[in-house]
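Enquirer:
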Amino acid sequence: MDYSRWIWQHIDWPHFHWQPGRLAALLRDCGHSQGKLLGMLGSAGQAASAQNELDALLQNILTSSAIEGEQLNVGSVRSSLARRLGLEATKAGQVSRRSEGLADLMMDATEQFAQPFTYARLMHWHHLLFPTSEAGLTARSIKVGGLRGDEPMQVVSGRLDRPTVHFEAPPRQGLEQALDDFLEWFELSRHQPELDPFIRAGIAHFWFVTLHPFDDGNGRLTRAITDLALAQGDHHAIRFYAMSASILDDRSGYYKALESNQKATLDITDWLEWFLRTLLRSLQQAMARIDRVLSKTRFWDQHRGAALSAEQVKVLNRLLDGGDKGFEHGISAAQYQAVAKVSKATATRHLSDLLEKNCLIRLPGSGRSTRYQVNTEGG
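Note that my numbering has the sequence shown beginning at 28, numbered continuously upward.
(1) Run through the stretch 242-326 for me and flag every whole alpha helix (DSSP H) of 4 or more residues, listed as ranges in chain order.
(2) Which same chain residues, not among the five before or five after A231, have their C-beta less than 7 Å away from its C-beta?
(3) Locate the alpha helix (DSSP H) running through I465, then write down its first and last residues.
(4) Helix, strand or coil: how does DSSP classify H193 here?
(5) Provide the residue span of the beta strand (DSSP E) that contains L387, from first to last.
(6) Per the DSSP calculation, Q400 is bridged to which residue(s)?
(7) May I ask you to verify whether the stretch 225-240 touches the stretch 201-208, counting CB pairs closer than 8 Å and requiring at least 3?
(8) Below 8 Å, can you find three or more Cβ-Cβ pairs linking the stretch 214-225 to the stretch 285-292?
(9) What alpha helix (DSSP H) runs, 4 residues minimum, are completely inside the stretch 91-170?
(10) Let's see if you can read the secondary structure: which residues bound the alpha helix (DSSP H) around A361?
(11) Suppose contacts are defined by Cβ-Cβ distances below 8 Å. Is L68 in contact with F302 by that definition?
(12) Measure the CB-CB distance between W327 and G229 and report whether it falls below 8 Å.
(13) Cutting at 6 Å between CB atoms, please list the residues of its own chain near H377, excluding the five before and the five after it.
(14) Exposed or buried, R345, counting other C-beta atoms within 10 Å across all chains shown (16 or more means buried)?
(15) Residue range of the alpha helix (DSSP H) that A374 falls in?
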């Protein structure tokens, strides 16, 4: 067996291969979930779809930066995206060059998927990541819009004095040709019907992150290229789920999967398994989010004529929105009081009224442990 320390040192690099049998079930699940997601979007209505699109794109940008340890200004990025989606105008001072560049990058990857992915486009993306006119962003020596220098490029984590080397990228010499090979494959592989689009996206992710062609921004560009590949495969759905968020949820697993496959053979089945599981989780999370939107719409359609106070509407929306702030196990009278900012007596009266109007149902339990949940069944 031809042993090499790093995968790119193999004589057959970059001719990857994998075991289709191990991936078949995951590919079916991803395809089924993608189709179901698109079907749900068709039922959500234009306004709800636009809001879901904004939420997913925003989450993708924020979490892709968070993987690299960068916390962005949420309001600024949201405003930049909202203007590009035609959802709201942006006032002076609401956005930064940073948020504008990141929004442009995300929209280019997900909207302009039919355009060729060229060397010039990649360099433009790198410029969008690092707007040179903003103080602090290029304080380090980053060659913006150009390939990295001659120093060895290692992907590390941990303490500065005892770093863990996850892998080392190919040397600078020959990097132009290696990048050209990747870009040529990326274009040609779009027209290979025998190559599953999900597999193609996983290969693109692994191949580009292995090259690590820039001084900085490699991870974010890798994930943008992944978004582009997925958009080319489904033409629409990528704008409604955030794979970077699922990668962030398992950041240690992400680096472990990359590291183990960098030190292995050209069989990247293990990496593709991790990639497809993470993609599936992204699709499932998107479906859950859109299901909450559809459930919320149905609920208010059923209770459009109910005479409810502003406090009652606030609590019901909180319950319907779900998520971290949605009281997954129901809401107690004390929690209602805190959320609605009303007295104990008013909270009790409001809850009784909501039960009578079939807006809430009482869960099993009594006394202070009594909890209430939205009645999504109607009736």
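Here a beta-carbon is modelled for each residue, glycine too, at the ideal position from N, C-alpha and C.
Expert: Taking the structure as given:
(1) 245-261, 270-276, 278-289
(2) F213, I252, T253, A256
(3) Outside the shown range of the chain, which is 28 to 406, sits residue 465, and nothing can be said about it.
(4) strand
(5) 387-389
(6) According to DSSP, Q400 bridges with I388.
(7) yes
(8) no
(9) 101-111, 124-138, 146-156
(10) 360-367
(11) no
(12) no
(13) Q339
(14) buried
(15) Where A374 is concerned, the enclosing alpha helix (DSSP H) starts and stops at 371-383.
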